[in-house]
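What follows is one structure encoded as structure tokens, with my remarks underneath.
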Amino acid sequence: MLPFTIEKVTSVDAAIAAASSGRRLTAGGTTLIDLMRDEVEQPQQLVDINALPLSDIRIDRSDLVIGALARMAEVAAHPDVQRLHPLIAESLIEGASPQLRNMASIGGNLLQRVRCPYFRMLDAACNKRNPGSGCAARDGLNAGHAVLGTSDHCVATHPSDVAVALVALDATMRVKGPKGERTFPVEELFRLPGATPHLEHTLLPGELIVEVRVPGGPDSRRARYLKVRDRASYEFALVSAAAALDVADGVIRGARLAVGGVGTRPWRLRAVEAALIGKVPDRQVFQAAARSALEGARPLSGNHYKLELLPRTIVRAFEMTGGIA
Ligand code: SF4
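Structure below.
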């Protein structure tokens, strides 16, 4: 690890000023410090933002509001989260070990960097770490990589589990920067890799995530997060699905679905949702709808299995919501 300095700030404005001057903000540090140890990231000046007043978890009208510095463990254990949005609690518990959940913040979780092994190997070609150098994963070990949203320049999956749940639930985020505040869907935080995979999110220079807001809805309590992975103790998703159903009088009135482990960003599947509306929920209906999940999928040499695993995971996740007639 290379030498660096660290200072603390206690106000959002001071954090914005620090970020605007090129210093790196850190909260839990669970990704950044790791990457600094491997010298993948080499910031010389860090700014500790843990003292900012952004840790609240509260209900505002029917919305759940989560401060950007709330820890994953706090959010998962919060009674309002468990009562109103069990999908979020489930995705957080599935998303990291207890030690990491105690340290990692919600904002940091959304901004975590990819887990592609080549990204961390300094001698491997990686357009994300070293733009223009190539992508070792395309013809290398790519069983865990994406089949949706890929480009010739990068095929890494987005690693966050809670991001998948938040995208499914139409969550928004409020950010603050040198030019003021703005609010936008969490889904719009994540860029597709295209020809510039080193640009991962849509935050402007100096912007800081302040909070995430999750709207309440009739389907928010009938929702489940299913994560398929190589080992149950702790691992990133091969495929995951955040599924929610609103069923009234035996008919699906509303459906939400986002998937992880298969896309270069959390992947909302609106075509699958639309195919479910007005149907009586059963396995055949879920299977028929899940077929459209593969539209545009481009498998690599090592991850064809995801084309089979993705629809199966979607069907199982909808069955777990209890939406079977
Ligand atoms: Fe780098 Fe992306 Fe290729 Fe992995 S998939 S080696 S992160 S460019």
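The working numbering numbers the first residue of the sequence shown as 6 and each following residue consecutively.
Beta carbons are placed, not taken as given, at the ideal position from N, Cα and C, and that holds for glycine.
Cβ neighbours of M6 within its own chain (closer than 8 Å, five residues either side excluded): M41, R42, E44. When the alpha-carbon of S156 is set against those of A142, S165, A148, D166, the nearest one is in A142.
Taking the Cβ of P136 as the reference point, every heavy atom of the ligand SF4 lies at 7 Å or farther away.
Positions of the beta strand (DSSP E) runs, each at least 3 residues long and wholly inside the stretch 69 to 151, cannot be given because no such run exists.
Boundaries for L57: no beta strand (DSSP E) harbours it, and the DSSP string shows neither H nor E there. Y123 has its CB nearer than 7 Å to a heavy atom of the ligand SF4. Between A293 and A280 the beta-carbon gap is near 7 Å, inside 8 Å, which marks them as a contact. In this structure, V264 sits near V244, with a CB-CB distance shorter than 8 Å. For the 8 Å CB-CB criterion, T35 and V52 do not form a contact.
Not one heavy atom of the ligand SF4 sits closer than 7 Å to the Cβ of A176.
Taking the Cβ of K311 as the reference point, every heavy atom of the ligand SF4 lies at 7 Å or farther away. A248 is positioned such that its CB atom lies closer than 8 Å to that of R229. Scanning its chain for C-beta atoms nearer than 8 Å, with the 5 sequence neighbours on each side dropped, one finds around F291 the residues L281, I319, V320, F323, E324, in chain order.
When the alpha-carbon of A295 is set against those of M77, L315, R88, the nearest one is in L315. Counting C-beta atoms within 10 angstroms of its own C-beta, E216 has 16 or more neighbours from the protein chains shown and is therefore classed as buried. Per DSSP, I38 is not a residue of any beta strand (DSSP E); the alpha helix (DSSP H) it occupies stretches across 37 to 42.
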